[in-house]
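To convert, note that position 43 of the sequence shown is 56 in the working numbering; the numbers rise steadily by one, no gaps. The beta-carbon is built from N, C-alpha and C at its ideal position, and this holds for glycine as well. Please read these numbers as outputs of a predicted model, since none were measured by experiment. Notes for the one structure printed next.
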Amino acid sequence: MRRPRILIIGSGLAGTATAIRLLRFARTPLEIVLLERRPDYRYAGVAYHRDGNPWEHVFNIQAGRMSAFREDVDDFVRWANHEADRRQWPAPWTDFEFVEHGPAPRRIYHDYLTDRMAEARREAYPDVDLVEAEGEAIDLGVAADRVEVAIRPAGEAATPATLTADHVVLATGLELKSPPFATGVLDHAAFVRHPYSTDGVRRLLAVPPKASVVIVGTVLSAFDSAALLLRQGHTGAIHLVSRSGTTPRTYPDDHRHGVVELPAPGRLLEPYRDREEFLARIGAEWETACDAVRGDHPGMDRTVVTERVAKAWEPYLPKIIERIPTDELRRLLDDFGTQIAALRVGAVPYTTSIVEHAIAADHVPVEVVLGRIEQVDPVGPDRLAVTVAAPATRRVILADLVVCNFGRQTDYTQVGSPLWKNLLAKHLVMPHRRTGRGIEIDDRGTPLGHDGEPVTPLSAIGVMREGDEIVRNGRSGAFAFNLAAIKNHSIVVAAHVIERLELHGDDAARRAATDHRHRLLAGESTQMAFDHAVSLEVKRLAARSRAERRRLDDRLGAHLRAMDGGQDDLTGTHDHLTRVAVNQAAVERLTDISVTPRQLRRQLRITNDEETEIS
Numbered sequence: 014m015r016r017p018r019i020l021i022i023g024s025g026l027a028g029t030a031t032a033i034r035l036l037r038f039a040r041t042p043l044e045i046v047l048l049e050r051r052p053d054y055r056y057a058g059v060a061y062h063r064d065g066n067p068w069e070h071v072f073n074i075q076a077g078r079m080s081a082f083r084e085d086v087d088d089f090v091r092w093a094n095h096e097a098d099r100r101q102w103p104a105p106w107t108d109f110e111f112v113e114h115g116p117a118p119r120r121i122y123h124d125y126l127t128d129r130m131a132e133a134r135r136e137a138y139p140d141v142d143l144v145e146a147e148g149e150a151i152d153l154g155v156a157a158d159r160v161e162v163a164i165r166p167a168g169e170a171a172t173p174a175t176l177t178a179d180h181v182v183l184a185t186g187l188e189l190k191s192p193p194f195a196t197g198v199l200d201h202a203a204f205v206r207h208p209y210s211t212d213g214v215r216r217l218l219a220v221p222p223k224a225s226v227v228i229v230g231t232v233l234s235a236f237d238s239a240a241l242l243l244r245q246g247h248t249g250a251i252h253l254v255s256r257s258g259t260t261p262r263t264y265p266d267d268h269r270h271g272v273v274e275l276p277a278p279g280r281l282l283e284p285y286r287d288r289e290e291f292l293a294r295i296g297a298e299w300e301t302a303c304d305a306v307r308g309d310h311p312g313m314d315r316t317v318v319t320e321r322v323a324k325a326w327e328p329y330l331p332k333i334i335e336r337i338p339t340d341e342l343r344r345l346l347d348d349f350g351t352q353i354a355a356l357r358v359g360a361v362p363y364t365t366s367i368v369e370h371a372i373a374a375d376h377v378p379v380e381v382v383l384g385r386i387e388q389v390d391p392v393g394p395d396r397l398a399v400t401v402a403a404p405a406t407r408r409v410i411l412a413d414l415v416v417c418n419f420g421r422q423t424d425y426t427q428v429g430s431p432l433w434k435n436l437l438a439k440h441l442v443m444p445h446r447r448t449g450r451g452i453e454i455d456d457r458g459t460p461l462g463h464d465g466e467p468v469t470p471l472s473a474i475g476v477m478r479e480g481d482e483i484v485r486n487g488r489s490g491a492f493a494f495n496l497a498a499i500k501n502h503s504i505v506v507a508a509h510v511i512e513r514l515e516l517h518g519d520d521a522a523r524r525a526a527t528d529h530r531h532r533l534l535a536g537e538s539t540q541m542a543f544d545h546a547v548s549l550e551v552k553r554l555a556a557r558s559r560a561e562r563r564r565l566d567d568r569l570g571a572h573l574r575a576m577d578g579g580q581d582d583l584t585g586t587h588d589h590l591t592r593v594a595v596n597q598a599a600v601e602r603l604t605d606i607s608v609t610p611r612q613l614r615r616q617l618r619i620t621n622d623e624e625t626e627i628s
């Protein structure tokens, strides 16, 4: 009998995280095919691949928040200190002791994900296998019980092959937006369109120390480029250009992510006349909330107050967003998205301090330029003229190098890949109605077709879910699709795919399991037993070793039999529904975003495989 096959399109962070979860969650034979069109992006993607991240590029956030597993918050730091192969690492990293609140070079995340994938493959159940495949998915056709995927092998002239899968996970990652101001200079020697590419890094490292450099953007990616130049001893002018001039906040040295409770910003739920009144209310409510946090937490570092308020407001934002007209919501996201991201998340001093010092210093002219880039024109073969328009002025900056951190394409109707064009043309996905960012998704990560119905053999994870994260969970800025969101996406999608295969795609059975769960929670005699079953299932889902998962699976099975009066047969409909209901509740607990990962771990009383609690 053929094993079910799951195809994951894209093996960057999102695809890798989902594959690891599938390897851990699956209890019956399964083939997981992880498709990647660029071998150097496997287990890394554009964000973490080694050639695009020199050792000077560090994570924007602290090392302690980089675990790939929400329920094991210290995993990355533990790996970096005790498991990583440092033989080829340069100083100062070769002897560096990583701590929760400190920096870590971004390129080592490639090794971390590679090691965790290898572990997941070793510890998977028998006949649960991962297959690495190369090529580009360019089209797919969906039937009731399968998906036919057209894959173009490496090389433009290669004939596409067809792969049949029972389920397909879309994990295609960031889609770059074409800069309209630079259409005539994309191939110019002085224009770097992809600063995280191998070629982009090479050109940044090769720029003469006294060269004039323009960097498009003023937030984290722009700071990466500027910091890289400064660490190489750059002394020429560096111009950071953006419309808002927003720069990243710097986390305090001992920063630890936390959650505070705040009342709903009530005035934002009341009717308002126009945009100006609404923005004024936001400002007033924001200041009130920040003052409340400062008053209630006098010892809190002032630089993290906005992060605490933004996090505390997230549960209220979906209802607030419901009241904002669609056109206005899109304008607000376009106009203030960068500022929202800067309020919600900061950066480690390793990256920001060197750039901030250069901005303040006289001898290294680093300048933040406010305005919109109108045009970039060639000035001979080696230089470019950058025209920056502000409300009352227009300025031309001559540059030896222009680094374009122009960002991603949020409108999937404009994405250029053949796969996304075909998905839209076949109405297998639909642009997100309210925000115009990404695609419509249900609560289990299933894309919605043009009729609003789930396309059940498909799942999506990562950046294409940005609009849904904003309106469903109130997560805005980079938190709509970053590592924190992807951790939860990977859990939900992997659990949903396994459940769908076990139920043979029977949506009625899934709904019946949900109803059964509600009945179990409503009964006084069953609620406590159900809660204990969920606790065991949470630990099973979080377990890294096969032996530990087997042990927990056996305990859960015995407990479920006791719940059903000591029956030995767990193949009946009632027993199977209980098992599905328990899994659904466990997934919800693992993905609870109302608490920090460390708080979640304590609440769930999760231990590692050696039964040692991580504090």
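C-beta atoms of residue i and residue j nearer than 7 Å
i	j	result
L126	R134	no
V205	G213	yes
S503	A174	no
H463	H440	yes
R83	K500	yes
T609	V317	no
A442	P470	Note on residue identity: the sequence assigns Val, not Ala, to residue 442. No, Cβ-Cβ distance for V442 and P470 is not below 7 Å.
E550	A599	yes
V381	L253	yes
F236	T364	yes
G480	G451	yes
V229	F419	yes
Where residue i sits in the DSSP three-state scheme
i	result
L441	coil
A293	helix
P118	strand
D98	coil
S558	coil
E300	helix
G585	With a pLDDT of 48 at G585, under the threshold of 50, the modelled position of this residue cannot be trusted, and the question is left open.
V608	coil
E147	strand
D152	strand
A594	helix
D390	strand
E341	helix
Q580	Because Q580 carries a pLDDT of 46, less than 50, the predicted location of this residue cannot be relied on, and the following value inherits that uncertainty. Three-state DSSP puts Q580 in coil, outside helix and strand.
D237	helix
D267	coil
G23	coil
L275	coil
I33	helix
L282	helix
L43	strand
E188	coil
Integer Cβ distance of residue i from residue j, believed to fall under 8 Å
i	j	result
H70	L189	Contact flag wrong, Cβ pair sits at about 18 Å.
I121	A93	7 Å
V379	V368	7 Å
A546	L590	That belief does not hold up - the Cβ atoms of A546 and L590 are roughly 13 Å apart, past 8 Å.
Where the alpha helix (DSSP H) through residue i begins and ends
i	result
I511	L496 to E515
S538	E537 to A555
R396	Unbroken run through R396 is the beta strand (DSSP E), R396 to A402; no alpha helix (DSSP H).
P362	P362 to A373
E113	Premise fails: E113 is in no alpha helix (DSSP H) and is neither H nor E.
A323	V318 to W326
Spatial neighbours of residue i in its chain, beta-carbon cut-off 6 Å, leaving aside the 5 residues before and after
i	result
V1	This structure gives no information on residue 1, because the portion of the chain shown stretches from 14 to 628.
V220	L414
D581	Confidence at D581 is low in this model, with a pLDDT of 42, below 50, so the placement of that residue should be treated as unreliable; the coordinate-derived value is given next. Cβ neighbours of D581 beyond the five flanking positions: none.
A195	V389
Chain-order list of residues whose beta-carbon lies under 7 Å from that of residue i (same chain, five-residue window excluded)
i	result
R16	P42, L43, E44 and D140
A403	L383 and G384
F341	First, the amino acid is wrong: residue 341 is Glu here, not Phe. Counting only Cβ-Cβ distances below 7 Å, and skipping sequence neighbours, we find R288.
D605	L613
V392	A398 and L411
Cβ shell of residue i (< 8 Å), same chain only, five flanking positions each side left out
i	result
R396	A203, L411, A412 and D413
A302	L275, P278, V322, A325 and W326
P331	V484, R485, N486 and G487
Delimiting residues of the beta strand (DSSP E) encompassing residue i
i	result
R165	V160 to R165
V229	V226 to V229
A178	A174 to A178
Within-7 Å CB hit, residue i to chain B
i	result
A297	Absent from the structure is chain B; it holds one protein chain and no more.
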